[in-house]
Every structure is written in structure tokens, then in C-alpha cells.
Amino acid sequence: MKRFIKILIGFIILVSFLTASSGLYEDWLWFTNLGYSQLFWTPFLSKVLFQAVNGTILFLFIAGTLLSIRHAIVTFVNERLRLRLRLVQDMNRPVFNLSQRKVTVWLLVISAIVSFGISFVAGFKGWLDVLSFTHATQFNQVDPIFGKDLAFYFFKLPFLRTIFDAFFGPLFLLTLFTIIFYIVTGVIRFHSRKLWRSGAVSMGPSCRKHLAFLIGILFALKAYGYYLDIFKLLYSTHGHVVGAGFTDLNFTLPALKILIFISILGSILAFISLTFRDSRLLTIPIAGSFVFGILIYSVFPALIQSFVVLPNELSKEQPYIKHEIELTRFGYSLDNIKEIDYPGNTPVTAETLKTEQGTLNNIRLNDARPMLQTYNQKQGIRLYYKFNDIDIDRYTINGESRQVMIGPREISTPDLTSNAKTFVNMRLKYTHGFGASASFANAVTSEGLPSYAIKDVPPVSEFPEFKMTEPRIYYGELTNDWVVANTTAKEFDYPLGNSNAENSYNGKTGIPLTPLNKFMLSLRHGTPRFYLANEVTSASKMLVYRNISERVEKLAPFLTYDMDPYVIINAGRLKWIIDAYTTSDSLPYSNMYPNQDFNYIRNSVKIIIDAYDGTVDFYAADPSDPILKTYMKIFPGVFKDLDSMPPSIKNHLRYPESLFSVQSNMLKNFHMTNSSVFYNKEDSWDIAKELFDETTPQSVDPYYTIMKIPGEAKPEFVLMLPFTPASSATNTRNNMVAWMAARMDGEHYGELLLYKLPKNIEIDGPLQIESRIDQDPKISEQLSLWDQKGSSVIRGNLLALPIGGNFLYVEPIYLQSDKGGSIPEMKRVVLAYQNQLVMTENLGKALIELFGEGAPQPTTLGQSGTLPVPSGQDETEVDLNSLDMTSVIEQMNQIRALLDNLETQLKGLPTSSGETLPAGETPASSDTPSSEDTPSSIKPPNDSFR
């Protein structure tokens, strides 16, 4: 029986160990399968080595200290407690009787648990600091105070701080515990509060030597910590300056040097007390460092800041404000922005517009926000398909760059009906999405819906650039669960008539289900289905970490990733592009980005992921970045040269909107390079505001567009954002003062251009145009008519487009029924230029109304054909703005009554079974097509007019 219990216990231990290590085993298989085994082994071995070294040193300190008080522990338990804790029936037998051997074992166990537990946590956090320290790359730029290369602050100081934190905290607690133990056991006795007097504190010789050793080491470590604090002054947030200011450098810095001296002196005196019996060699340095630390490091600098600096803040802090401006601009690459004057009021004529044909052809009328609803309802096809996002990119069509809005059709298994969520369906059947839908930015049908350049399942397109040879999406933004592919159960591909098209995965990635892998993965995911499911064979592959964001974060957790991956079509395959950043909080004098933990950021890495097989490629987009250079030394071969990226993919690289937003927000204050102007915030900016289907203004999001940069010969894909002056609660200013553009085509990728408007004239900002729209009698009357009960008006992005030294403002107007499931439809386009404002059915007509009959017309591509642009108003067209409101409402009521009568008559018709349905019921038939099966040519009545 005992043998059986031992076997059972051994079996449980073995299974527990295998289960605990199964996650590590799966990761090793996965990293190796993707070809990035060094991204697994380098962090793993670094953590183990760091934990072992740190744990061993801590173990020696902790075990040595505990063993040195072992005799005191045994004596205290066996002798002192025996007098207090006795059994009633045997007053002469002690309750406790510890042996030296047992105490030794327990102290060693406690030392091992504490030391290696602390090291385990420190190793997970500090491994990259260690490797960055040993592979540091110089910035070749020094800090303005101590003259050290910035690499010291990025790579060396964090490592030194990690070492300090790994040892000082545990040793401080160990020393404190030892002192408390000696006090409780009576080894240390206090005879007077006046610690400077001889005999105020008494302690035994062994106790004094033990504490002298610990306190001496602590003082030495504290001196080292104060030395590191000197460099931390460059991150100070005291006073007006971010970074070391007047008080920090003239008073706090000397105070730290004094504390370093006191700590070194305390360490020397502590080691001297090993041979001298005077306890004051220990007590006075401890009390002195504590008192002096509070007075000269905290109280005194605060008094200087309040009574010396604040009354003369600008004159005292001005040199340091200059450092803050320079290094913050460097941290966010604002120093690379090229500033250009832009007139903003140059007259634009029809002839001027003809030179801007490329810009006019790409004015975005399809807003991504309502467009996502349209795609999900019109192109979702089935409930298990879902569009998560609409991405904006450019494609060369017929030799011309065109702005395209594209959305991948992903699988969404959570949207399956509850009875369909079986293991086979969730893990083996519904494994991938299929294809994408796309529209040109300015392509709108006569019904106000996007005109598709790619549509349906399988994807159909008349443009060769959008043809897909492999449209399947096994890896995306919604693929959050693992699946088993290439099983005997064919995977669902797409609906096909009364049946379904099926397919089997044939990608080159995936964990093969060998017998050992199958066993370990069963433990990892806690399921026996790999053995019970007959569909799983030795040729099957397990696909894990299929969410593309999770996938790259698992591979390279040391990078910061953009939250908006975007999809492209390249050589017939769908590819994901993710922007990755190197970030740090270690740049001296640089302002931290609000609600984030970085003050330095570079878009150093571009990541390409194949949507079908999940292969991942890291490309060094900014090889001059010292942080990336350091990572490339740590992980050689992981980051490929950007020149090796296929040109067809490189043509789709975008300047990331997230980085552009970060830079724009920092630019609001840090475009001011004069320290006096910066201090007074005389020229602070804000991001322009707009309206979107609500009355509360919101900041304009950066928007991609194709336009001709002033001074350039041809249009290009840019990301831009307008700025206005900063406003206060009592003084709101919404005129435009500047606009910034990020270029991203060819050799100009990454160039930032800041166009400043003249300060002596006023140029309308987006919110002022919104106000003019609301105040225009004809436009506001029409919008009010539409925005009544039963429907609502959605105002799309208001785009401020620089054209010919002036601005053209474009805002699409959408109408949406309030009933569930309705689709926003673009009904009008508002176009503004200087003091002119028009609202028409399409962009071409608006251009004619603003600039005359000679105005060039935008060309529109799309499968649904181009929209004819009238040269004048058709004789049968009704001018809605001229209609009397009362007559319009009367006509709507008449139409509603006719529709109600028609509905009543239809409900009274006999069904196929000869029965007449009562009012309120409709015939149920399995042959009746659902709304998702209804051909696109069949249009139900518009709910807005019912």
C-alpha cells in the first residue's frame, strides 16, 4: 500500500511538472517553427543566468545572516519561551525544544525561497537591462549637464539601478529584521534616547560584529544609490522645468554629494566597529544620515524653490528650459520637422484646380466610421464574418495613385449561434476568414453607398491590382483562439449555393502534432480532444497565437506596437503591416507623453505578417536608432534590412497615425523654441476641432489623403492634421494657424512638413466651417428636415485640403434611419472655399458651383460605374432648398398613408395554403430569402420615409 502511495505521489509530481512546463514547451515549438528560436533562447537563458547569479549572492547574504543568529534563535525558543508556554499537566516540560540541526535546515530553506523568489521577479524585469548594458550603442550626443553620452542614460543607468534595487531592498529588510530580532531577544538594550552618549545602547560582541558587517554594506550600497540619484536629477519634475533646474543643480546636487560622503563615512565607521566596542560607531551614522537626508535633500531644496526660484522663475530657469525644449524635440523627432510658410489666402481659380487633378480625384467622401457599418451589413455575407476595421491605403491603378479603403473579412466564431459552438466547429471547421472588400475613397453610388472595387465571396474585382490568389485569413485581428488545421474534417471556406466550399490548410507554419507534441499540448490546453477527435492526424498542425498583435508581442516583447495594423494586397495575398516602436523613458530633460511611460519614441521597425500562414518578418525601418542597433546586436539576424523588403510591399508603407498623433500633441507647445515664449506659453496651439454626429466638438483625427505637396510636381500619399491656437475657458479660438503633413512615398518617407499660416490674417479652422454650415439658412434647414424623428444626420470627417496656397474644406453628410440595422447613406457633400459654402449631391457639382463651369471634375473608379457629374441642374430635378417646409411634410404624410394602405392590402392576401393572415403576421416560409441572401439589385423601402 505504501509503495502504491509513493508511486501515485510520484506520478502526480511528474504530471504536475510536465503540465507546468508544457507552456514553455509549446513556446519553444512555436518560436522554432517561425524561425525565431533565438528570440526564445536569448531571453530564457538571460533570465536564468541573471536569476541564478542574483539569487546565489542574495542566498549567501541571507543564509549567512540567519545562520549567524541561529544560536540566538534556538536559545530564545528553548529557554525564554519555555518559562511562558508550558502544558498544564506537565509544568516542567518545555513546549518547544528546537535542535540546531532542524533550525539550520529551516533557515537554509527560508534563505533559498526568499533569495531565489526575489531573483525570479527581478530576472523577469531586468534581463533586457543586462543585455542592453553589455550591447550598448552610443548616441554620439551628450547630456547638457554632466557631458555623458545619452547611451549612459538609456542602457547603463537602468542596469546600474537594477543591480542596486536587486540588492539594497532585500539587504535593508534583512538588516531591519535582524535588529528587531536582537531587540526582542534582549541582545540589544537601550539605556538612553541620547544616542550620542556612551553606553546609550548596549549589545553583545557577536551582535555588534554581525550588525557592523550588515550596516557597513548597506551604507556602501546607499552611497552608490546616492551616486545614481545624481543622474536622476536630469528627470526631475520639481518646479517649472522637466529635468534638472536651478534648485536641483545648485542645492540638491551638493546635498547628494554630502550624503554620499556621510554614507561612505558611515560604512567606514561600521567596519571600524568590528574591532572597537563603542556602539556609537553604528548608531550615530544611522541617525545622522536619516536626519541629514530629510533636511538637506528634501526640506532645504523645497525652501529654496519656494523663496528663491519662484519669485524669479524665468531668469533662474531659462537655461534649463532651453535644455527641456531641445531634448524633448529630439525625443519625439520634432527637430526633424521642416517649417515652411503657407499663405492660406491665395485665390484659387478653375485653372488652378486643373493643376490639382490628382488631389481632386482622391478627396475622401467615404468616411471610415459609417463605412464600417456598411461593410458589415452589405459585405459581411454571413453572421460569422466580420469586418473589424477599415484601413486606408494607396494603390497604383492605371498608372495613377488612388486612395483605397479596404477591410479584411475575418472569421468571428463568437458570433456563431450557441448550438454551433462545438469543438469541431470552433477548433477544426471555422478556422479562417475569407478575402476583403474595398472601395475607392471618392467612389459613391447613386444611393449614397460605397462603390466596391472588391466585393463578395469569393472576392470579385475588375482591377488586376486587387486580384487574390490566396484570400484566406488564418491570422488577423479577430482570430483569438487556437485551431487545428489540415485535419480529415475539411475546413469551411465560404458559402456556396446550398452547400459550402471547403478547404484544407497548406501553410508552412504550424506546430506538427507528433505523439510527444500531442501529449504536451494536451496538457498545455487541458483537453483530451487531440486523442478523442478522429479528425486529428499526424499531418495536422496546431495554429496558436493567431491574433497578429498578440503574435508579434509574444515574439518581441521589448518593442512597443501600434494598435492599428492594416492589411494590403500584395501579389495576390493578404499581408498585415504592423508598425513597431522603440520607446524609452530615459531621455534626460524630455517630457513624458501624457498617460504613457515614454519620452523617446522612434518608428524603427516595420513588421509584415502573412494572413494565410502567419510568417513574420521584422524590418529595420530606422537603422540609425541606437536602441534598435542595440537590439540588433542582442538578436542578430532577427531584423532584416529595409532594402530587402519587396518593393511592392514597401510602396504600401504608411507613416503611422499613432506616432503622428503623439508628435502633433507634443508639437502644440514644443513648436516654440524660444525659452521666454515657451515659458509664457504665448503661442500655444491645439489640434483643430470638428463635429461628428453629435454637438460636442472633438479633436480632428489625423487623416490620410492623396494631395500635391506645395512645390511638388505630382500628388502623393500624406498624413495631415490642422492646428488652431490654444483656447481657454473664456476665450475660444478656432482659426487655423498651421498644418502638418507626413510624407510616405518613395525616398520622401518619414519627412515631416509644418506649414505655418500668416499671423496677421485669419484662416477658418474646421470648427468654424462647421459653425458656418449650421448657420447657413438653406443647409441648416435641410439638415433639420432630415434630422427629425425616424432618421439622423451624420457629419463625416471635415477635411481641410491645402490647394493652390488656399484651403478647400470638404464634409460628406450621411443620413441614417434610427431603426436598428440601418445603413448610413451619403446624401450630400458640403464644400467650402473662403467665404463661399455650398451643399450638393456630389463633389463635381459642388466644384462647378464654387468655381464655375470650367472647374475640373474628379474621376471616379469603382465597379458600380462612375457617377455622372451634371454641368447644370437637370430640368426634372427638384431644388429641395426652395421647397416650402409645410408642403414637404404634407407630401411625406400622404406617402406614409399610401404605404400603410398597401401594407394592409398585402397582409390580407391569401397565403400559398389558402389561408388569410391576420394583420400583423407575415407568411413563414423556408424559401423566403433572408436579408443577407437578398440580391443587391432588390432594394427594400427606405425606412426613413415610412
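In terms of my numbering, the sequence shown is residues 3 to 948. Even glycine gets a Cβ: it sits at the ideal position worked out from N, Cα and C. Note that the structure is a prediction, hence the values are computed from the model and not measured.
Status (buried if at least 16 other CB within 10 Å, exposed otherwise) for residue i
i, result
"Asn500", "exposed"
"Val880", "Unreliable placement is indicated for Val880, whose pLDDT of 37 sits below 50; the coordinate value is still reported in the next sentence. So Val880 ends up on the exposed side."
"Glu659", "buried"
"Ser884", "A caution first: Ser884 carries a pLDDT of 40, below 50, which makes its placement in the model too unreliable to give a value."
"Thr868", "Because the pLDDT of Thr868 is 39, which lies under 50, any placement of that residue in the model is unreliable, and the question is left without a value."
"Lys423", "exposed"
"Arg396", "buried"
"Gly188", "exposed"
"Asp393", "buried"
"Ile199", "For clarity, residue 199 is Arg in the given sequence; the question names Ile instead. Exposed: under 16 other Cβ atoms inside 10 Å."
"Asn536", "exposed"
"Gly382", "buried"
"Asp876", "Note that Asp876 scores a pLDDT of 39, beneath 50, so its modelled location is shaky and nothing firm can be said."
"Asn605", "buried"
"Gln561", "Per the sequence shown, residue 561 should be read as Leu rather than Gln. Buried, since its Cβ has 16 or more Cβ neighbours within 10 Å."
"Gly854", "exposed"
"Lys1", "Residue 1 is absent from the structure shown; the chain starts at 3 and stops at 948."
"Lys8", "exposed"
"Ser915", "Because the pLDDT at Ser915 is just 39, under 50, the model does not fix this residue reliably, and the value given afterwards should be weighed accordingly. Counting Cβ neighbours within 10 Å, Ser915 comes out exposed, since fewer than 16 surround it."
"Ala715", "exposed"
"Lys847", "buried"
"Gln307", "buried"
"Tyr533", "exposed"
"Ile796", "buried"
"Glu326", "buried"
"Val90", "Reliability of the predicted coordinates at Val90 is poor, the pLDDT of 45 falling under 50, and no value is obtained from them."
"Gly57", "buried"
"Ser927", "Reliability of the predicted coordinates at Ser927 is poor, the pLDDT of 36 falling under 50, and the value obtained from them is presented with this limitation in mind. By the 10 Å Cβ count, Ser927 comes out exposed."
Bridge-paired residues (DSSP) for residue i
i, result
"Ser403", "Thr398"
"Lys388", "Glu412"
"Ala802", "Tyr811"
"Ser441", "Met407 and Tyr454"
"Phe719", "Ile708"
"Tyr602", "Ser586"
"Thr726", "Asp688"
"Leu755", "Lys340 and Ala743"
"Glu472", "Arg575"
"Glu493", "Asn505"
The ligand NAD heavy atom lying under 8 Å from the CB of residue i
i, result
"Lys829", "As presented, the structure is devoid of all ligands, the ligand NAD included, so that no description of it is given."
Under 9 Å between C-beta atoms of residue i and residue j
i, j, result
"Ala440", "Ile456", "yes"
"Asn601", "Asp587", "yes"
"Met841", "Ile775", "yes"
"Arg429", "Tyr614", "no"
"Leu833", "Leu810", "yes"
"Gly478", "Ile550", "yes"
"Val546", "Ile603", "no"
"Ile147", "His242", "no"
"Pro860", "Ile513", "no"
Whole-number beta carbon distance between residue j and residue i, since they are thought to touch under 8 Å
i, j, result
"Leu213", "Leu284", "6 Å"
"Ser48", "Leu133", "6 Å"
"Trp484", "Arg548", "7 Å"
"Ser238", "Gly245", "6 Å"
"Ser117", "Leu60", "4 Å"
"Ser540", "Ala487", "Incorrect: roughly 14 Å between the Cβ atoms, too far for contact."
"Phe42", "Asp29", "6 Å"
"Ile264", "Phe294", "6 Å"
"Thr44", "Lys631", "Not confirmed; about 16 Å, so no contact."
"Leu235", "Leu255", "6 Å"
Checklist entry - Is the number of C-beta pairs between the segment 267-277 and the segment 216-225 that are closer than 8 Å three or more? => result yes
Checklist entry - Taking three-plus beta-carbon pairs below 8 Å as touching, is the segment 331-342 in contact with the segment 747-761? => result yes
Next on the checklist: Taking contact to mean 3 or more Cβ pairs, one atom from each stretch, closer than 8 Å, check whether the segment 763-776 and the segment 344-352 are in contact.
Outcome noted: yes
Checklist entry - Okay, do the segment 170-184 and the segment 240-253 touch, 3+ Cβ pairs below 8 Å being the bar? => result no
Item to check | Stretch pair the segment 276-295 + the segment 554-567: three plus CB contacts closer than 8 Å | outcome: no
Checklist entry - Are the segment 366-382 and the segment 826-842 touching by the rule of at least three beta carbon pairs closer than 8 Å? => result yes
Item to check | Validate contact between the segment 716-730 and the segment 680-695 using beta carbons, cut 8 Å, 3 pairs | outcome: yes
Next on the checklist: For the segment 396-405 against the segment 707-717, do three or more pairs of beta-carbon atoms, one drawn from each stretch, fall closer than 8 Å, so that the two count as touching?
Outcome noted: yes
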